[in-house]
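Student: Quick note, the sequences are listed as chains A and B, same order. Sequential numbering of the first sequence, starting at 8, is according to the numbering used here. Sequential numbering of the second sequence, starting at 954, is according to the numbering used here. Glycine is no exception: its CB is placed at the ideal position from the N, C-alpha and C atoms. Note that the structure is predicted; figures quoted are calculated from it, not measured. Handing you a structure now.
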Amino acid sequence: MPKEKMTGARAVVRALELEGVDWLFGMPGGTILPIYDALFESKKLKHVLIRHEQVGGHAAEGYAHATGKVGVCMGTSGPGSTNLVTAIADAYMDSVPLVAITANVARPLIGTDAFQEADATGITMPVTKHNYLVTEVEDIPRVMKEAFYLARTGRPGPVHVDIPKDVLNMPLEFEYPDSVHIPGYMPAMKEEPRLADAATLVRSATRPVIYLGGGVRASDAFSEVFEFCELLGAPVVTTVHGKGAFPETHPSCLGMFGMHGSRYANYTIQDSDLIVALGARFDDRVTGKLSTFAPEAKVIHLDVDPAEISKLVTATVPLVGDLKKLLPRLSAEVRKTFEERGRPDLSAWWKRVSDWREKHPLRIKQDGEKSILPQTAVYRIWQKCEGKAIVTTGVGEHQMWAAQFWKVSAPRQFITSGGLGTMGFCLPSAIGIQLGRPGELVVGIDGDGSFQMTLQDLATAVDLKLPIKIFILNNLFLGMVRQWQELFYDNRFSETPLTDIPDLVKLAEAYSCLGLRARTLEELDGVIDRALAHKDGPCIVDIRVKQQEKVYPMVPAGAPLNDMIGGE
Amino acid sequence: MVEKTEQLPNGNVHTLSLLVENKPAVLQRIAGLFARRGYNIESLAVGPTERPEYSRMTVVVRLTQKPVELVVRQLEKLIPVIEVRELAPSDKLERELVLIKIKTPEKNHSELRAIAETYEAQIVDVSPDALMIEATGTAAKLDALEERLAVFGITELCRSGAIALERGFKTLAPPHLK
């Protein structure tokens, strides 16, 4: 490619085009004006004007989750960059490929406490995979190339690029590099993976369980994981980000385990003698009290990030590498071992697992209940979508009810904020998902508290005429905190009741979109039908659910995984 | 399965040698990692290497709960960190520099000179009622010197923190230079 003379700002836009970016999310401001000016003439990039930078970040995350591509968000200096921090931290915790671009004050002003100055890279350093403060205009093409490369390869994550305004205005001879040279990134593996040892463990286990995490999605290793699970024939449990890594409609799948997992999933992992962890990190929300977690289990831990191996739970056999490449090799080794030594007999184990599943299913106790149970609402929406929608959530009780009752049968259909647990994720994420996967049905399951954290961006969804449907399980409470107060703080509901403000139907009208409400069970189905039939822009559905309903079963924080409240 | 919370009363001290890219904010990245992951830094020394594009850091870390391999793997995740190695006590050559100022009348100076000689230390500044001693060596040797001088009244002291290299031919280097 011949060199071309342009400004730093134009070079940023050009790099985005060359990286194949279609949608990007941001808001202009004084400092980032040069980039927006260059954007004005781009024919390839479609910019979404969000109303708050955090929303741009989450929308980029939703887009990335749903498409597997890198999400891009932008913000100006100072508050523009600090508003992005929550979304960047969210992407860091959930390993979402994200490139965040911010402008900073001109170099002579840096360090002078200038107007809208913030040490953006200093702030994002602990919550990014890597970040850059670009001080020389010639560095822009290389840095942009590296940023996208780092965001999407290895363990994906957010990369933040901060560029001072004067650098954006300087000229350079633009040439986009073909490759990256980052000597400290992903050093070659020091030892061969111990596949034979892993296969031997699989062969000798009588109570194995496969534990799937978000790494399956990050690695796009759905078919490889399916093949491995079928080969082993063992029970499969997942994290909230593992939902969709293996079809939840498959008889081997026990769904989510952990703090709000089913009793049968928790009993299964707790009593197992071998855990095969694929792209998962033994978060405290899934292990419960660590010292009592699966006491008899040996562990095969396959992860692309060596720092996750034996971080919390010691791996008997660590396997470091990309699931998509390494898991087929493990499958081949296991298949060979099975051919030589026969398959292990798991029938006694399956008998126990099936007994648990029969005895402690996830129940919805709607019978005799007049008000709408939130679980019923989730289940009815799921049924009416025939399991085909892409669902996203906020954070709180509604998120866990969705995780329990929204069975996912295909990859990239359950998108949520897991690690950071960011309330307000739902609406922004739905925007990004719908843009990334136009033509598909995108459903949000949100809470009244969570929705109010980012609701201003209804305007963005309306502007874009996105037919997203946001179902708000409205209990007029910060429900998950209320649940903890009821169970562990003697019913002292300190600052958790919310008022009946805003009127969500009128709010929808104010934003020129459809607003619906269901107060009774009789109204529920009709309202869901109307929402799903509405194709002309977003729809907000206020579903009044039983206030006292709690998410069960529940493992209290710090308790052993099989020490659950409720859900018998 | 065993939980990784083996409690050691004062923890174990490890010397880590890091080869890092000589770029802005690298020290901040590394210091920040130690702080947010809860690793206690005993000392940290950083300086240029045989190649201008790289710096070498020697970090002495005290760990009470976590195995050192985890610290190494976390450090290796940082993009500007090329390589990290824990230097085993038997394999490493470790040195530290100390400057010690003692406020003491001139009559004691000859005794202090004798002590300094024992420790292969030098008197680097003398005034009528004070002198400064410079010494290099292992941390243990400098500790001993400090203890020996304490009775004279140390008024100021500055230690560099350890720098260390592995004995023999092994080196830390980026992949393309190996």
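Distance, Cα to Cα, A/Tyr139 vs B/Pro1128?
Tutor: For A/Tyr139 and B/Pro1128, the distance between alpha carbons rounds to 23 Å.
Student: Quick one: what's got a C-beta closer than 8 Å to B/Glu959's C-beta in the same chain, skipping five residues either side?
Tutor: Its pLDDT being 42, under 50, B/Glu959 is placed unreliably in this model, and the coordinates cannot settle the point.
Student: So the candidates are A/Tyr70, A/His72, A/Pro133, A/Lys152; which of them puts its Cα closest to the Cα of A/Leu25?
Tutor: If we check each option's Cα against that of A/Leu25, A/Lys152 comes out closest.
Student: Three-state secondary structure (DSSP) at B/Ile1086?
Tutor: Of the three classes helix, strand and coil, the one that applies to B/Ile1086 here is strand, per DSSP.
Student: Could you name the residues of the same chain whose beta carbon sits closer than 6 Å to that of B/Asn965, not counting the 5 residues immediately before and after it, in chain order?
Tutor: Here the set comprises Leu1016.
Student: Which residue marks the beginning of the alpha helix (DSSP H) containing A/Lys391, and which one marks its end?
Tutor: Counting along the chain, the alpha helix (DSSP H) containing A/Lys391 begins and ends at 381–391.
Student: Using the C-alpha atoms, what's the distance from A/Val103 back to B/Arg1048?
Tutor: Using only the alpha carbons, I get a separation of about 43 Å.
Student: What does A/Ala272 touch in chain B if you count any residue whose Cβ is under 8 Å from its own?
Tutor: The contacting residues do not exist; A/Ala272 stays about 18 Å from chain B at best.
Student: Using only CA atoms, which one of A/Thr14, A/Met487, A/Ile57 lies nearest to A/Gln463?
Tutor: Nearest C-alpha to A/Gln463: A/Ile57.
Student: Run down chain A in chain order and give the residues with a C-beta less than 8 Å from the C-beta of B/Gln981.
Tutor: The answer, in chain order, is Gly129, Met132.
Student: Would a C-beta distance cut-off of 8 Å place A/Thr14 and A/Pro41 closer than the cut-off?
Tutor: For A/Thr14 and A/Pro41, yes; Cβs fall inside 8 Å.
Student: What do you get for A/Ala540, buried or exposed, if any count of 16 or more other CB atoms within 10 angstroms of its CB means buried?
Tutor: A/Ala540 should be labelled exposed.
Student: How big is the Cα-Cα spacing for A/Val55 and A/Leu31?
Tutor: Rounded to whole angstroms, A/Val55 to A/Leu31 spans 6 Å at the Cα level.
Student: Buried or exposed: where does A/Val244 fall if 16 or more other Cβ atoms within 10 Å of its Cβ makes it buried?
Tutor: So A/Val244 ends up on the buried side.
Student: Tell me, please, whether the segment 1050–1065 of chain B touches the segment 1074–1086 of chain B by the rule of three or more beta-carbon pairs shorter than 8 Å.
Tutor: Result yes; three or more Cβ-Cβ pairs closer than 8 Å.
Student: So A/Val174 packs on A/Arg214, CB below 8 Å; how close in whole Å?
Tutor: With a Cβ gap of about 59 Å, A/Val174 and A/Arg214 do not count as contacting.
Student: Against A/Ile307, what residues of chain B qualify as contacts under a CB-to-CB distance less than 7 Å, listed in chain order?
Tutor: The premise fails here: A/Ile307 is roughly 12 Å from chain B at the closest Cβ pair, so nothing lies under 7 Å.
Student: Count the other CB atoms within 10 Å of the CB of A/Lys53; is the residue buried (16 or more) or exposed (fewer)?
Tutor: Burial call: exposed.
Student: Alpha carbon to alpha carbon, how far is A/Asp510 from A/Pro242? Give it in angstroms, no decimals.
Tutor: If you take the alpha carbons of A/Pro242 and A/Asp510, they lie about 45 Å apart.
Student: Output the distance between the C-alpha atoms of B/Glu1022 and A/Val141, rounded to the nearest integer angstrom.
Tutor: B/Glu1022 and A/Val141: Cα-Cα distance of roughly 33 Å.
Student: Between A/Glu575, A/Arg524, A/Asp310, which lies nearest to A/Leu369 when the distance is taken from Cα to Cα?
Tutor: Nearest C-alpha to A/Leu369: A/Glu575.
Student: Closer than 7 Å by beta-carbon distance: list the chain B residues that pair up with A/Pro313, in chain order.
Tutor: Chain B residues near A/Pro313: Arg1026.
Student: Might you give, ordered along the chain, the residues of its own chain that have their beta carbon closer than 6 Å to the beta carbon of B/Leu1040, omitting 5 neighbours on each side?
Tutor: Here the set comprises Thr968, Ser970, Ala1117, Glu1119.
Student: Beta-carbon within less than 8 Å of B/Gln1027's beta-carbon, same chain only, minus the 5 sequence neighbours each way: which residues are those?
Tutor: Excluding residues within five positions, the ones whose Cβ falls inside 8 Å are Leu986, Arg990.
Student: Compare the Cα-Cα distances from A/Lys476 to each of A/Phe345, A/Cys433, A/Tyr218, A/Ala304 and report the closest residue.
Tutor: Of A/Phe345, A/Cys433, A/Tyr218, A/Ala304, the residue nearest in Cα terms is A/Cys433.
Student: Pick from A/Met487, A/Leu334, A/Val247: whose alpha carbon is nearest that of A/Lys1?
Tutor: Absent from the structure is residue 1 of chain A, since the part of chain A shown begins at 8 and ends at 575.
Student: Is the segment 969–983 of chain B touching the segment 1004–1015 of chain B, taking contact as three or more C-beta pairs under 8 Å?
Tutor: As far as the Cβ criterion goes, the segment 969–983 of chain B touches the segment 1004–1015 of chain B, which means the pair count is three or higher.
Student: When the Cα atoms are used, what is the spatial distance from A/Pro254 to A/Leu523?
Tutor: Distance between the alpha carbons of A/Pro254 and A/Leu523: 32 Å.
Student: Can you pull the DSSP bridge partners for A/Ser88?
Tutor: Beta-bridge pairing links A/Ser88 to no other residue.
Student: Is A/Asp204 helix, strand or coil when you go by DSSP?
Tutor: Correct three-state label for A/Asp204: helix.
Student: Is the beta carbon of A/Pro418 closer than 8 Å to that of A/Phe155?
Tutor: Not a contact, by the Cβ cut-off of 8 Å.
Student: Within 10 angstroms of the Cβ of B/Val955, are there 16 or more other Cβ atoms? Answer buried if so, exposed if not.
Tutor: Because the pLDDT at B/Val955 is just 40, under 50, the model does not fix this residue reliably, and the point stays unresolved.
Student: With H, G and I counted as helix, E and B as strand and the rest as coil, what does DSSP make of B/Leu1050?
Tutor: B/Leu1050 falls in the strand class under three-state DSSP.
Student: Do we get a CB-CB distance below 8 Å when we pair A/Gly191 with the residues of chain B?
Tutor: So yes, A/Gly191 belongs to the interface.
Student: Are the segment 473–489 of chain A and the segment 530–549 of chain A touching by the rule of at least three beta carbon pairs closer than 8 Å?
Tutor: Touching, per the Cβ criterion.
Student: I need the straight-line Cα distance from A/Thr321 to A/Val306, nearest angstrom please.
Tutor: Distance between the alpha carbons of A/Thr321 and A/Val306: 7 Å.
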